[in-house]
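Participant: Line by line, the protein sequences are chains A and B. Under the numbering used here, think of the first position of the first sequence as 55, with each following residue one higher. Under the numbering used here, think of the first position of the second sequence as 1220, with each following residue one higher. For each residue, glycine too, the CB sits at the ideal point set by N, CA and C.
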Amino acid sequence: MGPLVVLAALSVVGGFIPFGHYVSSDRQVMAMHMNMSIAVTASVVSFAGIMLAMWLYRRPSAVPAQIAGSLGSLYQSAKNKFYIDEIYMGVTKKVLFGGIATPVAWFDRHIVDGTMNAIANLTARISSVIKGMQSGQVQQYAVGFVVGVLGLVVIFIYWLKF
Amino acid sequence: MNMLLLLLIIPALTVGGLLFSNGKRLPRMVAAVGMSLQFAAACYLVLAYLQERAAGNTAEMLFTSSYEWFKYLNIRFDLGVDGVSVSLILLTAIVTLAGVFISWRVEDLAKEFFVSLILLATGVFGFFISIDLFSMFLFYELAVIPMYLLIGIWGSGPREYAAMKLTLMLMAGSAFLLVGLLGLYFYSANAADQHTFNLLEIARGGIPIEAQRLFFPLTFVGFGVLGALFPFHTWSPDGHASAPTAVSMLHAGVLMKLGGYGCFRVAIFLMPEAAAEMSWFFIILTGSCVIYAATHAILQTDLKYINAYSSVSHCGLVLFAILMLNETALTGAVLQMISHGLMTALFFALIGMLYERTHTRIVQEMGGLLKVLPFISAVYVIAGLASLGLPGLSGFVAELSIFVGAFEHPDVFHRVWTILAVSAIVVTAVYILRVVGVMLMGPIKEPAYAALPGAFWYEKTGALLLILPIVGMGLLPLWLADMIQFSLIPLLRALGVG
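(1) What number of angstroms, rounded off, separates the C-alpha of Ala293/A from the C-alpha of Asp139/A?
(2) Quick check on DSSP: helix, strand or coil for Trp1288/B?
(3) In the structure shown, what three-state DSSP assignment does Leu1298/B receive?
(4) Show which residues of chain B have a CB atom less than 8 Å away from the CB atom of Phe151/A.
(5) Please classify Cys1508/B as buried or exposed, where buried requires at least 16 neighbouring CB atoms within 10 angstroms.
(6) Does the ligand ZN have a heavy atom nearer than 6 Å to the CB of Leu1569/B?
(7) Label Arg163/A either buried or exposed according to how many other C-beta atoms from any shown protein chain fall within 10 Å of its C-beta, with 16 as the threshold for buried.
(8) Could you confirm whether any beta carbon from chain A is found closer than 7 Å to the beta carbon of Tyr1668/B?
(9) Helix or strand or just coil, what does DSSP make of Asn1417/B?
(10) Ends of the alpha helix (DSSP H) at Glu1331/B?
(11) First and last residue of the alpha helix (DSSP H) that includes Glu1360/B?
(12) Using 7 Å as the threshold, is the C-beta distance between Thr1563/B and Ala1493/B below it?
(13) Comparing alpha-carbon positions, which option in Phe1675/B, Ala1648/B and Met1556/B lies nearest Leu1609/B?
(14) Could you check the C-alpha separation between Val1163/B and Ala1605/B for me, to the nearest Å?
(15) Quick one: using the 10 Å Cβ neighbour count with 16 as the cut-off for buried, is Phe73/A buried or exposed?
(16) Between the alpha carbons of Val1334/B and Gly202/A, how many angstroms are there, rounded?
(17) For His1578/B and Thr1550/B, what's the separation of their Cα atoms in angstroms?
(18) How about Val98/A: is its C-beta nearer than 7 Å to some C-beta of chain B?
(19) Here's the rule: buried if 16 or more other CB atoms are within 10 angstroms of the residue's CB, otherwise exposed. What is Glu1546/B?
(20) Should Pro1450/B be flagged as near chain A, meaning a C-beta pair shorter than 7 Å?
(21) Thr1277/B by DSSP, collapsed to three states: which one?
(22) Measuring alpha carbon to alpha carbon, tell me which residue in Met1660/B, Glu1618/B and Val1300/B is nearest Ala1597/B.
(23) Would you mind sorting Ala1381/B into buried or exposed? The rule is 16 or more other CB atoms within 10 Å of its CB.
(24) Return the chain-ordered list of same chain residues with a C-beta closer than 6 Å to the C-beta of Ala1556/B, the five sequence neighbours on each side being excluded.
(25) Candidates Thr1311/B, Ala1340/B and Leu1418/B: which alpha carbon is nearest Glu1279/B's?
(26) Indicate whether Gly1374/B and Ser1467/B have their beta-carbon atoms separated by less than 7 Å.
(27) Determine whether the Cβ of Asp139/A lies closer than 7 Å to any Cβ atom of chain B.
(28) Hey, is the stretch 1576-1596 of chain B in contact with the stretch 1637-1648 of chain B, meaning 3+ C-beta pairs nearer than 8 Å?
(29) On the three-state DSSP scale, how would you describe Ile1570/B?
(30) Could you compute how far the alpha carbon of Phe1434/B sits from the alpha carbon of Leu1569/B?
(31) On the three-pair Cβ rule with 8 Å, is the stretch 1610-1621 of chain B touching the stretch 1687-1696 of chain B?
(32) Using a Cβ-Cβ distance under 7 Å, would Thr1726/B count as near chain A?
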């Protein structure tokens, strides 16, 4: 109860604090205007709402039930907060989690990350294939050298026509 | 002696001291003293910088010096700082000191751990104080290599895989970067008609547009890999998840900022025409990254993976903002680097604290922790609120500047991508509030959790070191924004918008 009283008291006087003088994006005082028509309309509507609620619910009566019955689906949807919670849950669970995040996660794990892993695996595989070339056997290197030189000779004589 | 050299000498002396410290307790004391001195030096640098500017010094870079390394190729070690680098140096000092406190309990090879951690930080400090491409590259490599050891030795889970993946991908990025930097060097010319690595001399001489078209993408991608540029971001979630707490803090908090800073300081500053021509392509990549990584985060159940994907999204936003090429968005980009550095380091610190107590990082296995761990939980909520951009905290200032700057572009392309990037805020709110709801609220999930010990003094110190600047930046952002904006003038002039 105590904190609520403090908050209520502060909310009454909070509007008189000139925030425009203290909060600014460019060190300039922010010009703030009061729109009387909006302020008065909003205050009157909310005050009328409070009064109406007090009249309806202060003492037990059959009037609220009668009004609720006559309003039908309008009352039901208002009672269920216009189904905002259900819409929110539907959008979050079905659209965001199921429709967007799940395919995104699959794409990231299998395609993007999979490509990186495939490059690494390919490098390792190529390495395992060609590492045999570095056998340390001089005879094998000599054969490679001679074949290479002969290949170059053929290219220079028959293809490049030197 | 140039005061910037202190930022290298203090960590070097700390590493020297660590090499002679044996036992379990002495290394952490030496590391804490060394990094406290480093933090003091960074604070002094900020004050000295502000004092110089207040005295009317309008030079592009302050506290400059130049030391010869290799005369034949005109390789020098050029030092200097502006408002952007000074603020990032302060961020690095804060995160490193907080990281030392958070690692207070590391007992396995404590000396080697702190040596690697401080070497990593030294690389970052060196990178931010360098104004020549050669030294920047050298320090960049120095910062990356200790990561391999830190994850491979002190990490958890599939640590060898994560360490290897991170190192190989960042090294591949370095290869792109090296070609880009060498290209800049060979197309540069200083007043004496020599090739130069000095950033200011290259900017003054200019790079031909044909060369810019070739080297801008190489440099941007090279730095972008470290800044988690889509689709080269996959090293980041695995690396963060396997790294020990302080390393995740330093990596996500500071090391990833090297990517954004490099894109801003090198790629865009030295090649502004190519940046303007090619920005559309990278805006698509970075804008996608922002929303893509955020949506990926909401499916994760491991706290470290959630924060890692969140980091990819936030760092994508930094690159996105840089590519907007205007003052407001660029200011926002630097603010976001600082804000994200603090937030993500704090997140990883808190995840480490929770893991040490509950031995799980799976959100659904925890519940009701606010009742038993009030300090850690409350700080987690504040960090979460900063991450989703609540006014009064650092994330709001940074993200608002970015989105306002991005929306200043009147064309449909920029506006569509800005709207897509903005929508990531909603997704961020989903994964942050979901974690807060499941993990911190409700009944206590395990009876054993009721006996969990609260935060220790060193954990509180580490957390407070990070949370105070988050709140400070949120409430008093103008002094920082002014410092950054003044330093953007040369870049905006190069872009033809200032």
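Facilitator: This is what the structure gives:
(1) In the structure displayed, chain A extends from 55 to 216; residue 293/A sits before or after that span and is not available.
(2) strand
(3) strand
(4) Ile1517 and Leu1518
(5) buried
(6) With respect to small molecules bound, the structure shown includes none, and the ligand ZN cannot be examined in it.
(7) exposed
(8) no
(9) strand
(10) Ala1329 to Ile1348
(11) Leu1352 to Trp1373
(12) no
(13) Ala1648/B
(14) Residue 1163/B lies beyond the residue range present for chain B, which begins at 1220 and ends at 1717; the question has no answer from this structure.
(15) exposed
(16) 50 Å
(17) 40 Å
(18) no
(19) buried
(20) yes
(21) coil
(22) Met1660/B
(23) buried
(24) Inspection of the sequence shows that residue 1556/B is occupied by Met rather than by Ala. Closer than 6 Å at Cβ, skipping near neighbours: Lys1476, Gly1479 and Val1537.
(25) Leu1418/B
(26) no
(27) no
(28) no
(29) helix
(30) 41 Å
(31) yes
(32) The first residue shown for chain B is 1220 and the last is 1717, placing residue 1726/B beyond what the model contains.
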